[in-house]
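Here the structure is laid out as structure tokens; the discussion comes afterwards.
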């Protein structure tokens, strides 16, 4: 059983920054990719950013230029650096991992709340 443990959410003012972390219970290289999704209340979960085994990164248009996904292979951890946060970024953020190279959905973390005040 794979465990993904997220941390780093919280409340921040618009324009501020947060960094989310997701630690996996097994080697990063056993996954095709890891990713961050978010879910706004009443809406479907959406992909925010992904990084695959080869290091290729993808971002939702709404976060390009503001968010950066990265990984630490030794720690089997993936990060999401979020800069210039906006109120519309307020959501529960979920870490995911799986075999798919760009949209992994096999395993999920418990979610971490990000709230951006105007």
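Residue numbers (the working numbering): 305 to 422. Each residue gets a CB set at the ideal place from its N, CA and C atoms; glycine is no exception.
Measuring CA to CA, which of 350, 363 and 362 is closest to residue 394?
Measuring from the Cα of residue 394, the nearest candidate turns out to be 350.
Using the beta-carbon count (16 or more within 10 Å), is residue 315 buried or exposed?
The residue in question, residue 315, is exposed, as its Cβ has fewer than 16 Cβ neighbours within 10 Å.
Hey, quick one: how far does the beta strand (DSSP E) through residue 344 stretch, first residue to last?
Neither: residue 344 is in no beta strand (DSSP E) and is coded neither H nor E.
To which residues of the same chain is residue 421 closer than 6 Å at the C-beta, ignoring the five residues directly before and after it?
Hits under 6 Å: 317.
Can at least three beta-carbon pairs, one atom from the stretch 377-391 and one from the stretch 402-412, be found at a separation below 8 Å?
The stretch 377-391, when compared against the stretch 402-412, does not touch it at the 8 Å Cβ threshold.
Quick one: what's residue 396 bridged to in DSSP?
Answer is 343 and 417.
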